[in-house]
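In terms of mature numbering (1 follows the signal peptide of the UniProt record, and there is no 0), the sequence shown is residues -25 to -1, 1 to 428. Data block below; observations after.
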Amino acid sequence: MTLIKVLRMCLGLTFGYLYVTDTRASIHEWLVVPALRIIYPDGEDAHHAGTNILKALYSFGLHPRERGNPDAAGDLAVEIFGHTLSNPIGTSAGIDKGAEVPTPLLELGAGIVEVGAVTPLAQAGNPKPRVFRIPSQNALINRYGFNSEGIEVVAMRLRQRVREFAYHVGLGLDEEAERKILDGEAGVPPGSLMPGHLMAVQIAKNKDTPETDINAVAQDYTTGVRYLGKYADIIVVNVSSPNTPGLRSLQNVEPLTRILTSVVEAVKQVERKSKPAIMVKVSPDEDSEEQISGICEAVWDSGVDGVIVGNTTKKRPDPIRKGYLLAQHEANILLEQGGYSGPQMFERTLALVKRYRKTLDDEASIISPDMDDLSESGPILPFSSIPDSALAPATTGQRKVIFATGGITNGRQAREILDAGASVAMVYTALIYGGVGTISRIKQEMREEARKR
């Protein structure tokens, strides 16, 4: 083999490596995602395969990543809980239930990655099949039912992640090295382990814990905090999954206040210098004025830091485009039990964000009439010029933070969500259908939207 041929081969391999490991490469959306659907007809099997592939690629340094550091200019930066996020796009829980790939997900360009939900004890969830695709709508129905490996397994995985990071920065692999990382001595957030990014850990109750026994329910959540809190930048309390019987009844003001108050107290005991922020994830179906007001009252009374507005819905929205007739097999899928997610959720999510922003701010003025006016909508680009005012976790006197999830698929929609009063726009189904380049695409579209104004 001549030297020229060797050089050509090396150049080809280098170009191929740079291309396939770049989130902007079209191969991810137009080849990888369709191939996974064909190879794995079951949506859950495809999801597991994607996670395993991403984990394997990361271990060899061959994982897709956002190249070129497009967030360096700071044009999408936001301030949340005392941290400057590189951008306001997050991935929702469910993508990485067991915290197997938080770092590879962060490498895709998200400002926040949420792992979980994690239950105290391992549980299998609902019987399979439990994930159903509606391809013409880029939508999903799932009824997972909080399948989880349990907090001990996930805590062990997160501890190992921290210790490996400590080793790579020269601190060693022992408990003392772990403590230094968690106490911020490496200069990175203790959850994400990456400047400009945060990691949220979502916790949930076990299915067998009766929702009528609020003390037992609260203990499930506080157990989650005890095991997982020190590895999280944000703890998310999920009381809104449609797939666990009785769970949504916990969003009533009295039980929710008791649960969240218990979580706040548990977070104060987390063995770390800086404590994780606390958010509660609420259902889009509990949308009456009384229900929203009660949730916001519980948020303020308990002292949690914010709300994640949105989850899957039991309702079945009309197809997009208006008047579109679904094929019979897709119409049959709509009859499956479970939570619906997809682009059709966006307008509802946007409306809910506006209502929660107003109600949370109105509740603040009732609690403390002397507080500054909080009725302004969310940040408008450039984001760095209008930081979120909730800079410190667990403070009742600061503006509550809103993250939004549900139907967000492009940069224009992300902008609308932020303008409505959210600080972070989160994606799930859009990532499943769009592949690993989805986050980079949305951020680029946000920049293009900013230039139009």
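Using N, Cα and C, we set each Cβ at its ideal position, and we do this for glycine too. Nothing here was measured: the structure is a model prediction, and the numbers come from that model.
Considering residue i, what are the terminal residues of the beta strand (DSSP E) in which it resides?
| i | result |
| --- | --- |
| Met320 | Taken as a continuous stretch (DSSP letters only), Met320 belongs to no beta strand (DSSP E), as it is neither H nor E. |
| Asn62 | Asn62 -> no beta strand (DSSP E), and no H or E assigned at all. |
| Val284 | 281 to 284 |
| Ile189 | Careful: Ile189 lies outside any beta strand (DSSP E), inside the alpha helix (DSSP H) at 189 to 203. |
| Glu54 | 53 to 55 |
| residue 472 | For the chain, the structure presents residues -25 to 428; residue 472 sits outside this window and is missing. |
| Thr380 | 376 to 380 |
| Ile210 | 209 to 213 |
Going by beta carbon distance, what residues of the same chain come within less than 8 Å of residue i, once the five residues before and after it are set aside?
| i | result |
| --- | --- |
| Gly125 | Val93, Thr94, Pro95, Leu96, Ala97, Gln98 |
| Leu301 | Ile109, Ser111, Gln112, Pro294, Leu309 |
| Asp260 | Pro217, Arg223, Thr288, Lys289, Lys290 |
| His172 | Leu60, Ser61, Leu81, Ala85, Gly86, Ile87, Val88, Pro164 |
| Val239 | Ile253, Ser277, Gly278, Val279, Ala369 |
| Arg132 | Gly73, Ala74, Glu75 |
If you draw a straight line from the C-alpha of residue i to the C-alpha of residue j, how long is it?
| i | j | result |
| --- | --- | --- |
| Met401 | Lys155 | 30 Å |
| Thr26 | Asp71 | 8 Å |
| Asp394 | Ala85 | 19 Å |
| Glu139 | Leu148 | 7 Å |
| Asn227 | Ser277 | 13 Å |
| Leu206 | Ser167 | According to the sequence as given, residue 206 is Tyr; it is not Leu. Straight-line Cα distance between these residues: approximately 9 Å. |
| Arg374 | Val284 | 15 Å |
| Gln319 | Glu305 | 15 Å |
| Arg247 | Thr198 | 16 Å |
| Ala52 | Val176 | 22 Å |
| Ile55 | Ile377 | 10 Å |
| His3 | Arg118 | 27 Å |
| Leu335 | Pro170 | 30 Å |
| Arg17 | Trp275 | Note that residue 17 is Asp in the sequence shown, not Arg. Whole-angstrom Cα-Cα distance: 42 Å. |
| Glu41 | Asp337 | 40 Å |
| Glu160 | Gly43 | 28 Å |
| Glu186 | Leu225 | 7 Å |
| Val(-20) | Asp158 | 49 Å |
| Glu264 | Gly49 | 37 Å |
| Ser123 | Lys180 | 11 Å |
| Val399 | Gly281 | 11 Å |
| Ile14 | Phe107 | 15 Å |
| Ala326 | Lys427 | 24 Å |
Terminal residues of the continuous alpha helix (DSSP H) containing residue i?
| i | result |
| --- | --- |
| Ala400 | Premise fails: Ala400 lies in the beta strand (DSSP E), 399 to 402, not in any alpha helix (DSSP H). |
| Tyr272 | The residue asked about is misnamed: residue 272 is Glu in this sequence, not Tyr. Residues 264 to 277. |
| Val8 | 8 to 14 |
| residue 430 | Nothing about residue 430 can be reported from this structure: the residues present for the chain run from -25 to 428 only. |
| Lys243 | 228 to 243 |
| Thr288 | Thr288 -> no alpha helix (DSSP H), and no H or E assigned at all. |
| Leu80 | 77 to 82 |
Helix, strand or coil: how does DSSP classify residue i here?
| i | result |
| --- | --- |
| Val129 | helix |
| Ala302 | coil |
| His38 | coil |
| Ala92 | strand |
| Lys418 | helix |
| Thr370 | Per-residue confidence for Thr370 stands at a pLDDT of 43, beneath the threshold of 50, marking its modelled position as unreliable; the derived number appears in the next sentence. Coil, per DSSP. |
| Val328 | helix |
| Lys250 | coil |
| Gln(-1) | The residue you asked about is not Gln; residue -1 is Ala in the sequence shown. Coil, per DSSP. |
| Lys427 | helix |
| Arg105 | coil |
| Ser258 | coil |
| Gly100 | coil |
| Ile70 | coil |
| Ile295 | coil |
| Ile87 | strand |
| Ala365 | Low confidence applies here, because Ala365 scores a pLDDT of 37, under 50, leaving its location unreliable; read the following figure in that light. It is coil, neither helix nor strand. |
| Ser111 | helix |
| Pro314 | Checking the sequence shown, residue 314 turns out to be Gly, not Pro. Gly314: strand per DSSP, three-state reduction. |
Return the chain-ordered list of same chain residues with a C-beta closer than 7 Å to the C-beta of residue i, the five sequence neighbours on each side being excluded.
| i | result |
| --- | --- |
| Arg330 | Ile267 |
| Lys182 | Gln98, Gly120, Phe121, Thr219 |
| Leu29 | His38, Val76, Pro79 |
| Val242 | Val200, Gly204, Ile210, Lys250, Pro251, Ile253, Ala369 |
| Arg387 | Glu420, Glu424 |
| Val7 | Gly410 |
| Gly269 | Asn227, Val228 |
| Ala273 | Val228, Leu231, Thr232, Leu235 |
| Val328 | Val284, Ile377, Ala379, Ile392, Ala395, Gly396, Ala397 |
| Ala405 | Ile383, Thr384, Thr413 |
| Thr184 | Ala191, Val192, Asp195 |
Using a threshold of 8 Å, is the CB atom of residue i nearer than that to any non-hydrogen atom of the ligand FMN?
| i | result |
| --- | --- |
| Arg(-2) | Ligands in the displayed structure: none, and consequently the ligand FMN is not present. |
So, at 6 Å on beta carbons, what are the nonlocal neighbours of residue i in its own chain, with the 5 sequence-adjacent residues on each side left out?
| i | result |
| --- | --- |
| Ile189 | Pro230, Arg233 |
| Ala114 | Gly317 |
Start-end ranges of the alpha helix (DSSP H) lying completely within the region 126 to 180, minimum 4 residues: 126 to 143, 150 to 157
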